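**Q** Going down the list, the sequences are from chains P and U. Residue 142 in the numbering used here sits at position 153 of the first sequence; the count goes up by one each step and never skips. Residue 42 in the numbering used here sits at position 53 of the second sequence; the count goes up by one each step and never skips.
There are 2 protein chains.
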Amino acid sequence: MPKPKAIILLSGGLDSSTCAAVAREEGYALLALTVDYNQRHRVELEAARAAAEKYGAERHVVLPLDLSAFGGSSLTADIDVPKGDGAVDDSIVPPTYVPARNTVFLSVALAWAEAAGARDIFIGVNALDYSGYPDCRPDFIAAFEELAAKATRAGIEGDAFRIHTPLLDLDKAGIAKLANRLGVDAGATWTCYDPVPGQTEMLHCGRCDACRLRKKGFEEAALPDPTRYAA
Amino acid sequence: MPKPKAIILLSGGLDSSTCAAVAREEGYALLALTVDYNQRHRVELEAARAAAEKYGAERHVVLPLDLSAFGGSSLTADIDVPKGDGAVDDSIVPPTYVPARNTVFLSVALAWAEAAGARDIFIGVNALDYSGYPDCRPDFIAAFEELAAKATRAGIEGDAFRIHTPLLDLDKAGIAKLANRLGVDAGATWTCYDPVPGQTEMLHCGRCDACRLRKKGFEEAALPDPTRYAA
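1) Since Pro53/U and Ala18/U are thought to touch, with beta carbons under 8 Å apart, how far apart are those beta carbons, to the nearest angstrom?
2) Which residue from Gln28/P, Ala116/P, Asn27/P, Val32/P puts its Cα closest to that of Gly187/P?
3) Would you say Ala162/P reaches chain U, if we count a Cβ-Cβ gap shorter than 8 Å as a contact?
4) Between which residues of its own chain and Ala220/U is the CB-CB distance below 6 Å, once the five residues before and five after are set aside?
5) For Gly113/U, count the other beta carbons within 10 Å of its own beta carbon; 16 or more makes it buried, fewer makes it exposed. Which is it?
6) Under DSSP, the alpha helix (DSSP H) around Lys139/U begins and ends at which residues?
7) Start and end of the beta strand (DSSP E) containing Phe207/U?
8) What are the residues in the region 38 to 63 of chain U lying within 7 Å of chain P by C-beta distance?
9) Could you tell me the boundaries of the alpha helix (DSSP H) in which Phe111/P lies?
10) Given that a residue counts as buried once 16 or more other Cβ atoms are within 10 Å of its Cβ, and exposed if not, what is Ala138/P?
11) Report the three-state DSSP secondary structure of Ala100/U (helix, strand or coil).
12) Pull out every residue of the region 127 to 148 of chain U whose Cβ sits closer than 7 Å to any Cβ of chain P, in chain order.
13) In terms of DSSP beta bridges, what is His193/P paired with?
14) Counting along the chain, where does the alpha helix (DSSP H) carrying Val32/U start and finish?
15) Alpha carbon to alpha carbon, what distance is there between Ala89/U and Glu135/P?
16) Between Pro84/U and chain P, is the shortest Cβ-Cβ distance under 8 Å, so that the two count as touching?
17) Alpha carbons only, please: which of Phe133/U, Phe111/U, Tyr122/U, Met191/U is nearest the one belonging to Thr154/U?
18) Taking the alpha helix (DSSP H) that Lys161/U falls in, what are its first and last residues?
19) Buried or exposed: Pro215/P, going by 16 or more other Cβ atoms within 10 Å of its Cβ?
20) When you compare the CB of Pro88/U with every CB in chain A, is at least one pair closer than 8 Å?
21) Using CA coordinates, which residue listed in Ala12/U, Arg217/U, Tyr122/U is at the minimum distance from Leu192/U?
22) What are the residues in the region 1 to 28 of chain U lying within 8 Å of chain P by C-beta distance?
23) Cα-Cα, which of Asp124/U, Glu146/U, Tyr122/U, Ser57/U is closest to Pro123/P?
24) Is DSSP giving Arg29/U helix, strand or coil here?
25) Should Glu42/P go down as buried or exposed, given a rule of 16 or more other Cβ atoms within 10 Å for buried?
26) Since Asp174/P meets chain U, which of its residues come closer than 8 Å, beta carbon to beta carbon?
27) Below 8 Å CB to CB, which residues in the same chain sit around Arg271/P once its five sequence neighbours on both sides are set aside?
28) Find out if the Cβ-Cβ distance for the pair Val97/P, Leu22/P is shorter than 8 Å.
29) For a quick check, are the C-beta atoms of Phe94/P and Ala140/U less than 8 Å apart?
30) Helix or strand or just coil, what does DSSP make of Leu(-2)/P?
31) Answer with buried or exposed for Ala165/U, where buried requires no fewer than 16 other C-beta atoms within 10 angstroms of its C-beta.
32) Can you find a C-beta in chain P that's less than 8 Å from the C-beta of Asp124/U?
33) Compute the Euclidean distance between the alpha carbons of Leu212/P and Asn169/P, then round it to the nearest angstrom.
34) How about Val93/P: is its C-beta nearer than 8 Å to some C-beta of chain U?
35) How should Pro(-9)/U be labelled, buried or exposed, when 16 other C-beta atoms within 10 angstroms of its C-beta is the threshold for buried?
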């Protein structure tokens, strides 16, 4: 029997790469989907290509979808990425929030899923994200599953789509441990929102919220951090 | 006081052009959004540009989003567009259904709406469509409004998004009459799924379901049909 197919939203970060490793371990054939939304940190697209190859994706689509046409986020417009040494403030939606980004990502994943006969979609949202980003919360995911049941031919015929969020209850340390257990090459993943050119390669800035959470995760997990930081 | 902004999903067809005319009449400043999804009937993109100009859109974004990467529809893959002389069969989802298309369109509209500070989105879905397409039905629209409330910063702060469907209860004759009353240049709109090259311009095929519904609409409305059909 062929493996069931699953769409994996793969950004090339530690979270989505770990999510891909989970899907492979659960026995799915991977259809990897990376959205090139003209993000400031385009180096993550290369990390996504490497991850898709590593996890033996049947197909990897890098879909251009230029959300920078709309602006409204420090990841797609000329708005500063916050840097600092204090605690990451998770009580407000940060400026790195990209309006409706995960809604767009899941919609495109749903389009591919239905066309390919897949009913399973993996997305690497997690506890750290959903403290700040609305579209990483469990009730958003549940609302999207509801929508998918009404939005598609498969859905109205009673064939449900499942959105898998295997990292939902993990913090960054938990994800680092899971990545380590599954053999994810963390050094080949990309997290930083604001890459810095190094002598021979791009470096993680080490100071944006994403970098700081990543550093803290490896520290708390007591695992070596393979990331090359500029600071 | 400046006019409130609304996102208009504008394909260049009779329905979405009429929808744009309704939004303008209701006092909105129009942000027109056309998705170039590598559709077979790309001539509709020109019709969308003409309509955006005619209705004085503040801005018109034609967003490349290549759904043909996924296939699964006669509008985006090498699957025949149905032609015939019998009644349009509205009991099944037709092969011109593009998986999750309106979910993708509304998601992108939501992204722009939130970035631009708009809370209103217009989409020209209607009674004729929702007989066949799952993502044109009222319960799909309601589910998307629910999702938008959970997916966005504005939504979780209690600022709701509204999806306007002014054509929902109209058939094609009703839309032709409304278009006529609002001064829509129906001859400049594009409906056909399978355009035929004429001597100096592209022609409507006259035989696909979309053409047949369009013809019937003008007939039943007792209005002159300005469309140039090949058959």
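Quick reminder that beta carbons are idealized off the backbone N, C-alpha and C, glycines included. Being a predicted model, the structure only gives us computed values, none of them experimental.
**A** Straight from the coordinates:
1) That pair is no contact at about 25 Å.
2) Val32/P
3) no
4) Gly195, Arg196
5) buried
6) 127 to 140
7) No beta strand (DSSP E) contains Phe207/U, which is instead part of the alpha helix (DSSP H) from 198 to 209.
8) Val50, Leu52, Pro53, Leu54, Asp55, Leu56, Ala58, Phe59, Gly60, Gly61
9) Unbroken run through Phe111/P is the beta strand (DSSP E), 109 to 111; no alpha helix (DSSP H).
10) Ala138/P is buried by the Cβ-count criterion.
11) Ala100/U falls in the helix class under three-state DSSP.
12) Asp128, Phe129, Ala132, Phe133, Glu135, Leu136, Lys139, Ala140, Thr141, Arg142, Gly144, Ile145
13) For His193/P, DSSP records a beta bridge to Tyr218/P.
14) First-last of the alpha helix (DSSP H) with Val32/U: 32 to 43.
15) 13 Å
16) no
17) Phe111/U
18) 161 to 170
19) The residue in question, Pro215/P, is exposed, as its Cβ has fewer than 16 Cβ neighbours within 10 Å.
20) No chain A is present in this structure, whose protein chains are P and U.
21) Arg217/U
22) none
23) Glu146/U
24) In this structure, Arg29/U counts as coil in the three-state DSSP scheme.
25) Around the beta carbon of Glu42/P, fewer than 16 other beta carbons sit within 10 angstroms, so the residue counts as exposed.
26) Residues of chain U passing the Cβ test: none, with the nearest at roughly 27 Å.
27) With chain P covering only -10 through 220, there is no way to say anything about residue 271/P.
28) yes
29) Cβ distance not < 8 Å, so Phe94/P and Ala140/U don't count as in contact.
30) Here Leu(-2)/P sits in strand by DSSP.
31) buried
32) Under the Cβ distance rule, Asp124/U counts among the residues neighbouring chain P, one pair being separated by less than 8 Å.
33) Taken atom to atom, the span from the alpha-carbon of Leu212/P to that of Asn169/P is near 8 Å.
34) Yes, its Cβ sits closer than 8 Å to a Cβ of chain U.
35) Classification of Pro(-9)/U: exposed, given that the 10 Å Cβ count is below 16.
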